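Encoded as C-alpha cells, the structure appears first; notes follow it.
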Amino acid sequence: MKQINIVAIASYPAPLRLGIFVLGLLLLWLPFALPIYAYVGDRNLASILTIVLLYAEFILLLKLWGKYVYRQPQLLRYYGLVGSRANGKELLVGLGIGLITVLSLFSLEGLLGWLHWQQGIQVKIVLEGLLVAIATGFAEELLFRGWLLDELQRDYAKAAIWVNASIFACLHFIKPLSEMIRTAPQFPGLLLLGLMLVLAKRRCQNRLGLSIGIHGGLIWGYYIINVGQLIKYSGQVPDWVTGVNQNPLAGLVGIGFLSIMAGIIRK
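In the working numbering, the protein residues as written are 11 to 277.
Right, dumping it as C-alpha cells:
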C-alpha cells in the first residue's frame, strides 16, 4: 500500500508535488541542521556545513524521487546532468560567455568614464571565484533548470519557462523587507536571466552544461570585480544606468548585455 501511494504522487498537481518534495527535504535536513547551528560556534562555518548538507540530501532525494515516484532511476541524466564530452564542452563555452559578458560590460563602462579601475587582479580571488561560480552554477541550475523546470513542464508545457524564471527571480528576494525593497530593481534582470538559462538548456538538447557554464561565468566575473574591489563608480550617470546598489543586473546596461547574450544563444 505504501508503494502505491508513493507512485500516486506522480499524478498529483505540480504545486502539490513540489510541496511534498520540499517537505520531505526539510524533514531529512532539519534533524542534522539544527544540531550544527546549536553546537558550531562559527556562524559562517555552520552556514556552509548546513548548505552543503542540504544540497547533498537534495541530490539523494532526487534519486529516490526518480526511482519510486516516476520510475526513472536515471532522473539526473533526464534533467540534463550528463557526463558527456558535449556537456563538458558546453560548460566551458558557457563559462567563457558569462565571464566575457561581465568583463565587457565593465570595460565599456570604464571606457565611457562611468567607472575607474583600481588595483590589479589577484590570482587567489580569480581561483576562489571560479570554485564559487561552478559550485553555485551547478547547484542552482540543477535546482531550477533541472528539478523545478521538469516538474513544471509535466503540467504546464507552454507556461513552464515563464513560471520557472519568475520563481527563480522571486526566490532571490527571500530576505528582510528593507533588503527586499532595496534590491527590488534586480527583478527584471533576474527574470531575463532565468528565461535565458532555460533557453540555453533547450538549445543544447536539454543538457545542463551550457546553463551551468553561463550562470557560473556571470558569477565568476562579478566575483572577480566585486571581491577584488577592482572598480569605483564615477557617478557621471544615474544608478539605474550602471546598476542600483552597484549590481549590474539592476541597471539598464546590465539588462542590455543580458539581452544581447540571450539573442546570441537564441540564434
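The C-beta atom is built at its ideal place from N, Cα and C for all residues, glycine as well. Bear in mind the structure is a predicted one, so any value in this text is a computation, not a measurement.
What are the boundary residues of the alpha helix (DSSP H) that LYS99 is part of? To locate residue 99, count along the sequence shown from 1; it is residue 89. Counting along the chain, the alpha helix (DSSP H) containing LYS99 begins and ends at 95-121.
Where does LEU91 sit, in a helix, a strand or coil, going by DSSP? For the purposes of this step, residue 91 is taken as residue 81 along the sequence shown, with counting starting at 1. Looking at LEU91 - three-state DSSP - the assignment turns out to be coil, as it is neither helix nor strand.
Where PRO23 falls, given that 16 or more other Cβ within 10 Å makes a residue buried: The residue labelled residue 23 in the question sits at position 13 within the sequence shown. Classification for PRO23: exposed.
Our contact map puts ILE265 next to LEU202 with C-beta atoms below 8 Å; I'd like the distance itself, whole angstroms only. Mapped onto the sequence shown, residue 265 falls at position 255. Mapped onto the sequence shown, residue 202 falls at position 192. Rounded, the Cβ-Cβ distance is 6 Å, consistent with contact.
Going by the CB atoms, is the gap between GLY104 and GLY227 shorter than 8 Å? As a working mapping, residue 227 is identified with position 217 in the sequence shown. As a working mapping, residue 104 is identified with position 94 in the sequence shown. Closer than 8 Å, so yes.
According to DSSP, what are the bridge partners of ILE241? Start at 1 with the first residue of the sequence shown, and residue 241 comes out as number 231. In DSSP, ILE241 forms a bridge with TRP127.
Taking ASN174 and LEU152 to be in contact with their CB atoms under 8 Å, please state how far apart those CB atoms are, rounded to whole angstroms. Start at 1 with the first residue of the sequence shown, and residue 174 comes out as number 164. Start at 1 with the first residue of the sequence shown, and residue 152 comes out as number 142. Contact flag wrong, Cβ pair sits at about 13 Å.
Take every Cβ of the segment 228-235, pair it with every Cβ of the segment 106-120, and state whether three or more of those distances are shorter than 8 Å. yes
Nearest neighbour of ILE131, chosen from LEU125, LEU209 and GLY139 [CA to CA]: One-based indexing of the sequence shown puts residue 131 at position 121. Per the Cα distances, GLY139.
Around the Cβ of SER221, are there at least 16 other Cβ atoms within 10 angstroms (buried) or fewer (exposed)? Translated into the one-based positions of the sequence shown, residue 221 becomes position 211. Per the 10 Å Cβ criterion, buried.
Quick test of the definition: if touching needs 3 or more C-beta pairs under 8 Å, does the segment 116-129 touch the segment 190-206? no
Assuming contact is defined by CB atoms lying nearer than 8 Å, are VAL251 and GLY238 in contact in what I supplied? Mapped onto the sequence shown, residue 251 falls at position 241. Mapped onto the sequence shown, residue 238 falls at position 228. No.
State buried or exposed for MET11, treating a residue as buried only when at least 16 other CB atoms are found within 10 Å of its CB. Your numbering for residue 11 matches position 1 in the sequence shown. Any reading at MET11 must be qualified, since the residue scores a pLDDT of 34, below 50, and its modelled position is unreliable; no value is offered.
Please classify ILE14: is it buried, with 16 or more other beta-carbons within 10 angstroms of its beta-carbon, or exposed? In the sequence shown, the residue the question calls residue 14 occupies position 4. Its pLDDT being 47, under 50, ILE14 is placed unreliably by the model, and the measurement read from it follows with that caveat. Looking at its Cβ environment, which holds fewer than 16 other Cβ atoms inside 10 Å, ILE14 is exposed.
State the DSSP-derived secondary structure class of PHE183, mapped to helix, strand or coil. Position 173 of the sequence shown, counting from 1, holds the residue named residue 183. In this structure, PHE183 counts as coil in the three-state DSSP scheme.
Host alpha helix (DSSP H) of ASP165 (start-end): In the sequence shown, residue 165 corresponds to position 155, counting from 1. Start and end: 159-165.
Helix, strand or coil, according to DSSP, for TYR22 in the structure here? The residue you call residue 22 lines up with position 12 of the sequence shown. Correct three-state label for TYR22: coil.
So, TYR47 versus ASP160, is the Cβ gap smaller than 8 Å? Position 37 of the sequence shown holds residue 47. Position 150 of the sequence shown holds residue 160. Contact: no.
The ligand MG heavy atom lying under 7 Å from the CB of GLY139: As presented, the structure is devoid of all ligands, the ligand MG included, so that no description of it is given.
Any idea what DSSP makes of ALA272, helix, strand or coil? The residue given as residue 272 occupies position 262 in the sequence shown. In this structure, ALA272 counts as helix in the three-state DSSP scheme.
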